[in-house]
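Enquirer: Have a look at this one before I ask anything.
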Amino acid sequence: MLPEERQLFEAALQNDAALAAALAQYREVTATLSARLSPDHQQDALKETLQHHRAIHFGSKGKVVSFKRYFTAIGAVAAILAGILLFRFYSHDTDYMGTYGNIEMQVAAERGNNADTLLQSAALYFNEKAYTKVIPLLDTYLKTDSSSQMALYYRGVAATHSGTVEAGLADLKKVYAGESVFKYDAAFYIALYYAQQRNKKEALSWLKLIPADAAAAAKAAALEKDLR
Amino acid sequence: MFLLPNANQSQMSTHPDQRYLDGLLRNDTRLVQEIYERFAGKIKHHILQHQGTEDDAADIFQEAIIDVYNQAKYKQLQLTCPFEPFFLLICKRKWLNEIKKRGRQPVTKRLDDVYEVGEDVFAAAEQVLKEEAQAGMFLAQFERLGEKCREILRLSLTGEAQEKIAVALGVTYGYLRKKKSECMATLLSYIQAQKI
Chain A
8 MLPEERQLFE AALQNDAALA AALAQYREVT ATLSARLSPD HQQDALKETL
58 QHHRAIHFGS KGKVVSFKRY FTAIGAVAAI LAGILLFRFY SHDTDYMGTY
108 GNIEMQVAAE RGNNADTLLQ SAALYFNEKA YTKVIPLLDT YLKTDSSSQM
158 ALYYRGVAAT HSGTVEAGLA DLKKVYAGES VFKYDAAFYI ALYYAQQRNK
208 KEALSWLKLI PADAAAAAKA AALEKDLR
Chain B
435 MFLLPNANQS QMSTHPDQRY LDGLLRNDTR LVQEIYERFA GKIKHHILQH
485 QGTEDDAADI FQEAIIDVYN QAKYKQLQLT CPFEPFFLLI CKRKWLNEIK
535 KRGRQPVTKR LDDVYEVGED VFAAAEQVLK EEAQAGMFLA QFERLGEKCR
585 EILRLSLTGE AQEKIAVALG VTYGYLRKKK SECMATLLSY IQAQKI
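Chains A and B, in that order, give the protein sequences. If you count by the numbering used here, then the first sequence holds residues 8 to 235, one letter each, in order. If you count by the numbering used here, then the second sequence holds residues 435 to 630, one letter each, in order.
Laid out in structure tokens, this is it:
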């Protein structure tokens, strides 16, 4: 706009309330959409953290069951637990991965964009333990957001299950080196991997890195107890 | 009371609980953990008492955190009241809106039944909800546009140079400017219609 045109426009704004309101709305809309349509990796990372805590603090709602069914269920669970304990006692069970390695991939997807679809597909395969299908999806996702600690963590876990162990451990170590909510989960999983390989020394050294207030602390303490 | 950038910030001091907002902006995992530990149980209890489920509570809690994050990031929200009543009120108001949206009759009980909230807390929470509802409405109307319009506006609004956009879309610079102007006019008309 030329200076003369600008002056005329500003004068018109002073005298025309409707024009001023329309301009204010235009500015509000463009400012809001500029911000909200731009990729926000900080927000993506925060959503990963929230999703992690959601699983901890908001479990699925308990169903109401009759007392008879309740006690039957408790009896069944107790019998299964006793069976597991007896089996482990007599077999000196060292299937640490089977005991502690059941990890579910959870994703928070709101906008339904391509990146979210990739994560959702990866989660479906991950939770079906189709790990070889997970890795290319997370590779693609990480090309769009290389800072996603969630994607690195799950790719690391998937890789340790699909023959590319070194790459998997490298991903997990990167996650541990960062400051995300997956930091100590990554340390735990590395420890678990070494425990499964019967590398007790290495497993214990990773377990020691997990502080008592971390979400993975209880699992870490249990695994340490099993190893000793 | 809370401050927006154009407010007279010198008259109000930032509350120490601003650390929560700063922590969300940094994705400080320990601070997020603290927020969940301190407030998740309260919101779960409230929503379960008011026709909701645990999943509803988890959704509302998560959305409220993102709302606060958005306001801190895009509107430079500065907290000058305690975080707890402010955050809990946002969650409760969001749940009340959700109940209404689902066509249920909200329980006629005061929302601040657990916390006596001051006017400043109330105003701050209301402002966050209003701003976020407006941003949500803008985005919803944006999604109603045709694919071409969305592409042109998305690229234009997120800072791409006009010349580059024209090349990327395989159109002339003149056509792009005309089309962008038409798309924006359509979007503004959709938004205006929502306000009537």
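Every residue, glycine too, gets a C-beta built ideally from N, C-alpha and C. Computed from a predicted structure; not experimentally measured.
#1: From A/A157 to A/A28, what does the alpha carbon distance come to, in whole angstroms?
#2: Where do the ends of the alpha helix (DSSP H) carrying B/C617 lie?
#3: Since A/Q203 is in the alpha helix (DSSP H), which residue starts that stretch and which ends it?
#4: Please report the distance separating the alpha-carbon of B/A474 from that of A/A222.
#5: Helix, strand or coil for B/L465 per DSSP?
#6: Which stretch, first to last residue, makes up the alpha helix (DSSP H) that contains A/N134?
#7: Quick one: what's got a C-beta closer than 6 Å to A/H59's C-beta in the same chain, skipping five residues either side?
#8: Under 8 Å by Cβ, that's how I've got B/L579 and B/L621 pegged, so tell me the actual separation to the nearest angstrom.
#9: Go ahead and pull the three-state DSSP assignment for B/L579.
#10: Please report the Cβ distance between B/K612 and B/S590, rounded to the nearest whole angstrom; I am assuming they are in contact, meaning their Cβ atoms lie under 8 Å.
#11: To the nearest angstrom, how far is the alpha carbon of B/I599 from that of A/A42?
#12: Starting from A/Y33, find everything on chain B with Cβ-Cβ shorter than 9 Å and list it in chain order.
#13: What separation, rounded to the nearest whole angstrom, lies between the Cα atoms of A/L30 and B/G604?
#14: What number of angstroms, rounded off, separates the C-alpha of B/Y470 from the C-alpha of A/A228?
#15: Going by the CB atoms, is the gap between B/Q452 and B/Q512 shorter than 8 Å?
#16: Compare the C-beta of A/Q113 against all C-beta atoms of chain B and say whether one is closer than 8 Å.
#17: Exposed or buried, A/S98, counting other C-beta atoms within 10 Å across all chains shown (16 or more means buried)?
#18: For the putative contact between A/T147 and A/L125, defined by C-beta atoms under 8 Å, what is the C-beta separation to the nearest angstrom?
#19: Say whether chain A places a C-beta atom closer than 8 Å to the C-beta of B/V466.
#20: With a 10 Å radius around its C-beta and 16 neighbouring C-beta atoms as the bar for buried, classify A/Q14 as buried or exposed.
Expert: Answer, in terms of the structure:
#1: The amino acid occupying residue 157 of chain A in the given sequence is Met; Ala does not appear at that position. Straight-line Cα distance between these residues: approximately 44 Å.
#2: Y607 to K629
#3: K190 to Q203
#4: 16 Å
#5: helix
#6: N121 to N134
#7: V188
#8: 6 Å
#9: Coil, per DSSP.
#10: The pair is not a contact, with the Cβ atoms about 13 Å apart (cut-off 8 Å).
#11: 18 Å
#12: M618 and L622
#13: Cα atoms of A/L30 and B/G604: separation of roughly 30 Å, rounded to the nearest angstrom.
#14: 23 Å
#15: yes
#16: With its beta carbon at least 8 Å from every one in chain B, A/Q113 lies outside the interface.
#17: Annotation note: pLDDT 48 at A/S98 (below 50); position unreliable, coordinate value reported separately. Counting Cβ neighbours within 10 Å, A/S98 comes out exposed, since fewer than 16 surround it.
#18: Sure, about 6 Å apart at Cβ, within 8 Å.
#19: yes
#20: exposed
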